[in-house]
Amino acid sequence: MSRRTGAQRERKRMQDRESQRNVRERTRKHIASLEERLKELESPTCIADLLKKNEELKEKVEVLEATLQTIANIAAKPTHTSDASSVENEHQALRDYNSQPLEKRLGNDPASEDYRLSCQQGPLSPHSELGEEGRNAQLNPSPDDNSGHADGKGFDGCNGILLAPGSVDSGETEDIMVDFTEDCIQPSNLVPLAQSSALLSSFHHSGFDSLTSADAMSASKPFTTDNPECLAPFLSFENHLLPEQWQDIAGQVNGDELPVLSTFYLSPGPCWQSIAHKPQRKFPAPQNCPPSNIWDVKLIKCINEHRTNVGDPSMYIPKDPELRLLLNPNASDTTADSLTRFLHAPISQWNFGLPEKLAIFWLNYIHLRYRIVPTDENFDELPVWFHPSPSQCRTSHPIYIDALPWPVLREKLTLEHRLYPFNTFSPIFCSSLNVNWPYDHAMTYVREASGSLRLSRAFKTHLRKLENWSLKPTFALSYPELSLIGTSSIVRLDLSQFPIVTKSMHFPGVAVITGAASGIGRATAKLFAKEGCRRLVIADIQTTSLNKTREEIQAENKDVEVTAIPTDVTSESSVNSLVQSAVSTFGRIDYACNVAGTLIPGISTEYSLSQWDKQFSVNTRGMWLCQRAEITQMLKQEPIQSSDSRFPARGAIANVASMAGLRVYDNLPAYCASKYAIIGFTKSDGLHYAKHGIRVNAVCPGVIKTPMLGDVPEDDDTNLNEMVSEMALKRTGHPEEVAECLVWITSGRASFVTATTLAPNGGKLTFSVVSDVW
Numbered sequence: 001m002s003r004r005t006g007a008q009r010e011r012k013r014m015q016d017r018e019s020q021r022n023v024r025e026r027t028r029k030h031i032a033s034l035e036e037r038l039k040e041l042e043s044p045t046c047i048a049d050l051l052k053k054n055e056e057l058k059e060k061v062e063v064l065e066a067t068l069q070t071i072a073n074i075a076a077k078p079t080h081t082s083d084a085s086s087v088e089n090e091h092q093a094l095r096d097y098n099s100q101p102l103e104k105r106l107g108n109d110p111a112s113e114d115y116r117l118s119c120q121q122g123p124l125s126p127h128s129e130l131g132e133e134g135r136n137a138q139l140n141p142s143p144d145d146n147s148g149h150a151d152g153k154g155f156d157g158c159n160g161i162l163l164a165p166g167s168v169d170s171g172e173t174e175d176i177m178v179d180f181t182e183d184c185i186q187p188s189n190l191v192p193l194a195q196s197s198a199l200l201s202s203f204h205h206s207g208f209d210s211l212t213s214a215d216a217m218s219a220s221k222p223f224t225t226d227n228p229e230c231l232a233p234f235l236s237f238e239n240h241l242l243p244e245q246w247q248d249i250a251g252q253v254n255g256d257e258l259p260v261l262s263t264f265y266l267s268p269g270p271c272w273q274s275i276a277h278k279p280q281r282k283f284p285a286p287q288n289c290p291p292s293n294i295w296d297v298k299l300i301k302c303i304n305e306h307r308t309n310v311g312d313p314s315m316y317i318p319k320d321p322e323l324r325l326l327l328n329p330n331a332s333d334t335t336a337d338s339l340t341r342f343l344h345a346p347i348s349q350w351n352f353g354l355p356e357k358l359a360i361f362w363l364n365y366i367h368l369r370y371r372i373v374p375t376d377e378n379f380d381e382l383p384v385w386f387h388p389s390p391s392q393c394r395t396s397h398p399i400y401i402d403a404l405p406w407p408v409l410r411e412k413l414t415l416e417h418r419l420y421p422f423n424t425f426s427p428i429f430c431s432s433l434n435v436n437w438p439y440d441h442a443m444t445y446v447r448e449a450s451g452s453l454r455l456s457r458a459f460k461t462h463l464r465k466l467e468n469w470s471l472k473p474t475f476a477l478s479y480p481e482l483s484l485i486g487t488s489s490i491v492r493l494d495l496s497q498f499p500i501v502t503k504s505m506h507f508p509g510v511a512v513i514t515g516a517a518s519g520i521g522r523a524t525a526k527l528f529a530k531e532g533c534r535r536l537v538i539a540d541i542q543t544t545s546l547n548k549t550r551e552e553i554q555a556e557n558k559d560v561e562v563t564a565i566p567t568d569v570t571s572e573s574s575v576n577s578l579v580q581s582a583v584s585t586f587g588r589i590d591y592a593c594n595v596a597g598t599l600i601p602g603i604s605t606e607y608s609l610s611q612w613d614k615q616f617s618v619n620t621r622g623m624w625l626c627q628r629a630e631i632t633q634m635l636k637q638e639p640i641q642s643s644d645s646r647f648p649a650r651g652a653i654a655n656v657a658s659m660a661g662l663r664v665y666d667n668l669p670a671y672c673a674s675k676y677a678i679i680g681f682t683k684s685d686g687l688h689y690a691k692h693g694i695r696v697n698a699v700c701p702g703v704i705k706t707p708m709l710g711d712v713p714e715d716d717d718t719n720l721n722e723m724v725s726e727m728a729l730k731r732t733g734h735p736e737e738v739a740e741c742l743v744w745i746t747s748g749r750a751s752f753v754t755a756t757t758l759a760p761n762g763g764k765l766t767f768s769v770v771s772d773v774w
């Protein structure tokens, strides 16, 4: 090893001292922060808060234990032999019915026995025609008519209990997707049987769960009937066909076909008569039975509360919800709307990945928004495949089914929901759901200028395509009969586990290309799309040619979203507008190729000031304005993980300079100077912003056959031939060859390349050449 000079040793000592000072400063700050935190933990306020939370948790545990004990007692209660035989016969009929093809089951006569068994009847079953006497008996029940309630019989609606006996034996809890202790229907809140006989008998097959049995009722605490809040969800939930409406529908049902969907467009219920936001027309209304699980209870209660308080500002439901509460559990819920607050707790209980969590939230949000306020706008917000199906509109079923994707799955579960109880189906479904989002999770949402977080337009577009939804193969192990229904499988492999076969291996982000109307810019935009970048923003001052580029890309790549934005790179406001439009459309900018440029040959004595200014305005000023705006945006966004498992990066920028920026050409003083300047600020910013995960490089093409050189054959242009003769490859380059360099240097494959130049020049030497013409 060579000995260091005195200057080197002194510099090393200075560096060591600086490092030691930095370590001491960091240690001091860390100790100070720990001491401050220790004081907070030892403060009386902190201890009091912890004690208060502890007491609250104890109360919740006590309530939960009491509730579970009541349910366990009910589940363990022996049933009569005749009842068990009846249930077994019914299950056998369902198994026979399930063995038939789906098309045959859907075509069954609604009056047939099999069809009735496949449907869960609600308070007013759409499958029974009531005479005038029977209707009066329902609307005006006798106060003494308690038959079917005191002994737990007469409920052939939803199968009655929140927790099946099998689940008790296996140790499963029933708090599926919701906090069981919050707003539950508990025995202590139920109306005593002696005080509510008239109220209960008015439900006629209401399908209350087993908590409303005589034993549970008698064990409950006294409760006055003048404020029966616990029954509000059932009393106010207007979601069933009236007998008159069913008679009209039943007359249109043939034995071999389903009625058209328009048959089930229902008039709004009486609750709409007193509010300003009445439905604009008739809409398809799914027919839901009384709740058979706690999640259905909460859904029905949520819908009724919002319907009753439509004019209340606190119940306002925006079209595009704010996501801060979902993305940050510690965030305040003051910015969230009432539906987001309602959905936050249950959805957060499941171990979803971020795309699946936001997907389930979005699906439930638009479903509830439509059910609460069925307007044209809310109906049109539903994807076509999410519209209520005919079976959902005529068959009483649990409401949670209405928020599932795949219409064929909803059809099957609607007709056979007794075979798929919520507390066993839902955990398997949620753990298997996959929306196959091919990009970084952070790109599912965008941060607005106000700081609000909302679903990105690209993610919502992805979710609106049913083919992007699937279930993992584990779902087929539990429900093989549901894994292949209709004409295609809803169970697929998650191809994101095998990045080598995915199209978007190196471009999970958003690309912005300027100068994309022709030449290198157009070739670069097309190559990005070909290599798997599915979101592109292209810009140029030539609008007609720019739109042609967009049309060519979309014709060759059906799954690529391309936004064309006319831009003058010499204008600061135009460049800023370009970046803002890209972010508002796709949420971020990950790859930027600044290609726009111009060439005006001539010697200095024959050059006008306007020609000089134009060269620098487009080539240097325009390139710098683009780079500055792009870096500013990249600093705001989180690093994106490349799908090829390389280092995450906030962004990569490639500026197109020229060989004229590396060597001198005769007759091109302004062009050479402008390109030298590009290389200068490119390398400078590349060094500075590397610590932020942003790479900046320059690409310096040689002689490339672009419109800048003119559409002149090589053998007809003496000057062109002279330049070609200096190349090792003895030919001009093509825009596509430069595009390969730009795409590579901005991809994850070039993760270790920054603040440098790449020169696709055909082997051209870098020494200066002086023309023979003096």
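FYI, the numbering for the sequence shown is 1 to 774, going by the UniProt record's numbering.
Even for Gly, the Cβ is constructed at its ideal location relative to N, Cα and C.
Is the CB-CB distance between residue i and residue j below 8 Å?
i: A629; j: N576; result: yes
i: V753; j: I745; result: yes
i: I300; j: I372; result: no
i: P508; j: P438; result: yes
i: G680; j: V696; result: no
i: W406; j: L477; result: no
i: M659; j: K764; result: yes
i: C626; j: I513; result: no
i: P388; j: P286; result: yes
i: F352; j: I428; result: no
i: L471; j: L358; result: no
i: I600; j: Y689; result: no
Do you know whose CA, among the options, lies nearest residue i's CA?
i: T340; options: L326, S332, A331, W350; result: L326
i: L382; options: A525, P390, W362, S396; result: W362
i: N655; options: K675, T335, V23, R9; result: K675
i: D742; options: V23, A673, L527; result: It is Leu, not Asp, that sits at residue 742 in the sequence shown. When each option's Cα is compared against that of L742, the closest is L527.
i: L368; options: L343, Q392, G733, A359; result: L343
i: T706; options: H692, R731, N721, P735; result: P735
i: K636; options: D590, K530, Q615, L471; result: D590
i: T444; options: E531, R324, L578; result: R324
i: P390; options: F352, V408, L57; result: V408
i: P291; options: V384, I399, T335; result: I399
i: P639; options: H441, I31, R3; result: H441
i: K530; options: I541, Q611, A555; result: A555
i: P421; options: N293, L453, E356, S348; result: N293
i: P329; options: R37, L354, D16; result: L354
i: P321; options: T45, L453, L68; result: L453
i: R457; options: R588, T524, G651, L41; result: R588
i: F283; options: L404, T756, D380, S43; result: D380
i: T682; options: A652, Q69, R26; result: A652
Looking at the secondary structure, which residues open and close the alpha helix (DSSP H) in which residue i lies?
i: V23; result: 6-42
i: L299; result: 294-308
i: V537; result: Segment 535-540 is the beta strand (DSSP E) holding V537; no alpha helix (DSSP H) there.
i: residue 794; result: There is simply no residue 794 to check, as the chain begins at 1 and stops at 774 in what is shown.
i: P407; result: 407-415
i: G651; result: Segment 651-656 is the beta strand (DSSP E) holding G651; no alpha helix (DSSP H) there.
i: T514; result: No alpha helix (DSSP H) holds T514; the beta strand (DSSP E) holding it covers 511-514.
Under DSSP, the beta strand (DSSP E) around residue i begins and ends at which residues?
i: N423; result: Run containing N423: none in the beta strand (DSSP E); it sits in the alpha helix (DSSP H), 422-432.
i: E561; result: 561-566
i: C393; result: Segment 390-394 is the alpha helix (DSSP H) holding C393; no beta strand (DSSP E) there.
i: V696; result: 694-699
Could you check how far apart the C-beta atoms of residue i and residue j are, in whole angstroms? I think they sit under 8 Å.
i: S751; j: A649; result: 7 Å
i: G602; j: Q611; result: 7 Å
i: G762; j: R731; result: 7 Å
Quick check: the region 524-540 against the region 471-482, are there 3 or more CB pairs under 8 Å? no
Taking contact to mean at least 3 C-beta pairs separated by less than 8 Å, is the region 428-448 in contact with the region 584-596? Yes: at least three Cβ pairs fall under 8 Å.
For the structure I just gave you, are there three or more beta carbon pairs, one from the region 600-612 and one from the region 668-676, closer than 8 Å? yes
With three or more C-beta pairs closer than 8 Å as the rule, is the region 514-530 touching the region 539-551? yes
Cβ contact (3+ pairs, closer than 8 Å) linking the region 414-422 and the region 430-437: no
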